[in-house]
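Written below as structure tokens is the structure these notes are about.
In my numbering, the protein residues as written are 8 to 412.
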């Protein structure tokens, strides 16, 4: 679940500066199971997903600067007869790659629209009580009203008991719902099974990740080059030929090897459906889990401090420096130019540390289920299949199926 919209890591970061967008979470979709392949086909037909051409992704050796196209790497692995590390989330492994189009959150928008469900982005559930006599859930929480000033915030009406309604079933779709002290925690009562489920969710643990988001405005060519380019250009190509991209990389995206700090680099603006008329390049770089662990500070109790602008600003220099070191073999003088925009996003729960290994959790006696990538492991495929399993389990519970936790 995202902060203000469904999707979590499928949400898209948008900025007021130049109207940028970044896929700061989900980088690509690589379906492996038949079930998920069929789901992706439906997304493709709906236009929420687009193929990512084979040549877009490479294997990049940060020590030598060697760039190996994905298809070439696959051929090498086949010839050697032994597979090696397939890069970030196995992006180099065989199979088609897709991206959300024109952004990752297009996928969740399509799912919400196709389901016909009512999605409330203005609600934060704080408490959920199960009533065994009626076999229903009572929800309580805050409803965000538009607030433009501090005075508006102070005038928000107080929360009244069980103000969010009564429901026949409850699905917890984020691990944080079971982790006390986190923003997404939901206080459950009325069911021992629900409390046991939350305890199990809290013990999964998480591995953090950091995403560096940057943008570069194109540079104008020297006057003599502009004149030559204008003379040689035709029609609409002339304007593009009068500027050059600041970050000239031999790939659109790369699974990075031999870097202790950076695992993935992507020119986000090169993905399908993201081209900009002004030529601005947007770039996303992900830290390795090991490097992120050295930068992400935890409270004494193991929890993460609030993701404040001040905290994130302190993470920019080390992440920018790490990307510069990783790209040094490809850069003039080994240096990155200062971007027009730069920001870091902290994914405190990027990957589950100890996933359950089962599609979902369920408590039939309380009409309760839980789903997410914490069930079967990180990645969109596991998250989607877990959600599907929880939906099926809930349908069985509501239909009175005789099953047990």
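Idealized CB from N, CA, C, for every residue including glycine.
Between the alpha carbons of residue i and residue j, how many angstroms are there, rounded?
i: residue 354; j: residue 53; result: 29 angstroms
i: residue 281; j: residue 84; result: 32 angstroms
i: residue 410; j: residue 34; result: With a pLDDT of 46 at residue 410, under the threshold of 50, the modelled position of that residue is not reliable, and no figure is offered here.
i: residue 111; j: residue 40; result: 20 angstroms
i: residue 9; j: residue 117; result: Any reading at residue 9 must be qualified, since the residue scores a pLDDT of 49, below 50, and its modelled position is unreliable; the value itself is stated next. Spanning the two alpha carbons is a distance of roughly 16 angstroms.
i: residue 129; j: residue 13; result: 11 angstroms
i: residue 22; j: residue 220; result: 11 angstroms
i: residue 48; j: residue 58; result: 11 angstroms
i: residue 338; j: residue 226; result: 16 angstroms
i: residue 92; j: residue 198; result: 45 angstroms
i: residue 238; j: residue 253; result: 23 angstroms
i: residue 137; j: residue 200; result: 11 angstroms
i: residue 147; j: residue 401; result: 21 angstroms
i: residue 328; j: residue 150; result: 42 angstroms
i: residue 343; j: residue 331; result: 6 angstroms
i: residue 405; j: residue 375; result: 10 angstroms
i: residue 385; j: residue 361; result: 10 angstroms
i: residue 287; j: residue 222; result: 7 angstroms
i: residue 306; j: residue 407; result: 44 angstroms
i: residue 101; j: residue 393; result: 23 angstroms
Would DSSP call residue i helix, strand or coil?
i: residue 352; result: strand
i: residue 194; result: strand
i: residue 305; result: coil
i: residue 20; result: strand
i: residue 347; result: coil
i: residue 339; result: helix
i: residue 386; result: coil
i: residue 95; result: helix
i: residue 391; result: helix
i: residue 396; result: helix
i: residue 319; result: helix
i: residue 406; result: coil
i: residue 28; result: strand
i: residue 220; result: strand
In the DSSP assignment, what are the bridge partners of residue i?
i: residue 213; result: 359
i: residue 258; result: Answer by DSSP bridge pairing: none, since residue 258 is not bridged.
i: residue 377; result: 179, 368
i: residue 75; result: 66
i: residue 150; result: 130
i: residue 57; result: 106
i: residue 144; result: 137, 174
Indicate whether residue i and residue j have their beta-carbon atoms separated by less than 9 angstroms.
i: residue 363; j: residue 381; result: yes
i: residue 439; j: residue 256; result: Examination of residue 439 is not possible in this model, given that the chain is present from 8 through 412 alone.
i: residue 326; j: residue 373; result: no
i: residue 213; j: residue 29; result: no
i: residue 262; j: residue 67; result: yes
i: residue 56; j: residue 77; result: no
i: residue 183; j: residue 368; result: no
i: residue 178; j: residue 143; result: no
i: residue 37; j: residue 97; result: yes
i: residue 397; j: residue 370; result: no
i: residue 269; j: residue 298; result: yes
i: residue 63; j: residue 259; result: yes
- Those runs of the beta strand (DSSP E) which lie wholly inside the stretch 258 to 294 and span at least 3 residues: Counting whole runs of 3 or more residues, the stretch 258 to 294 contains the beta strand (DSSP E) stretches 260 to 264, 269 to 274, 288 to 294.
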